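Numbering (this note's numbering), first residue to last: 4 to 175.
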């Protein structure tokens, strides 16, 4: 799940408590992570050994905040998530886009596989839309289909651009 990538990646930058992780992710992505996503993920990661509690921060008048650090297991898990090329996962916009956002951490071959899986999903949607509402005379539905087809074709062009740029060596 892309939120797992965001949480683990934040912890590669240093130990942090849940609220700090939440705010940093929101600042970096413009997307808020819901507490009902964040805190169960932190518990799950801790149970899996992907993160560990390293301290508790206390402020007067506030409950203590647990500070987490990523472990080697967590780094391996982040690596595996970023390198997931499952077409079913990459059909989801957020899942695909988060991996592209971290392409500098992904090897060239995996970048190609991620782009190819996404291309397959988009081409499938183009096929479905082209077959939709054929001959039904539903003018407004056709407008929706035409709009979606334009968006999918634009994405296919972008995927071509990504494929060319993906050949650049990863930064690390």
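No residue lacks a Cβ here, since even glycine has one placed at the ideal position from N, Cα and C.
Since the model is a prediction, treat every value here as computed from it, not as a measurement.
In this structure residue 56 touches residue 71 by the C-beta definition: roughly 6 Å separates them, less than 8 Å. By the CB criterion at 9 Å, residue 121 and residue 99 fall inside the cutoff. In the structure shown, residue 171 falls within a coil segment according to DSSP collapsed to helix, strand and coil.
Segment contact: the region 101-113 against the region 140-151, fewer than three CB-CB distances shorter than 8 Å; contact not assigned.
By the CB criterion at 9 Å, residue 24 and residue 36 fall inside the cutoff. Under the DSSP definition of a beta bridge, residue 71 partners with 19, 56. By the 16-neighbour rule on beta-carbons within 10 angstroms, residue 131 is exposed. For residue 36, the secondary structure class from DSSP, reduced to helix, strand or coil, is coil.
Per DSSP, residue 140 lies in no alpha helix (DSSP H) segment and is marked neither H nor E. Taken through DSSP and simplified to helix, strand or coil, residue 61 comes out as coil.
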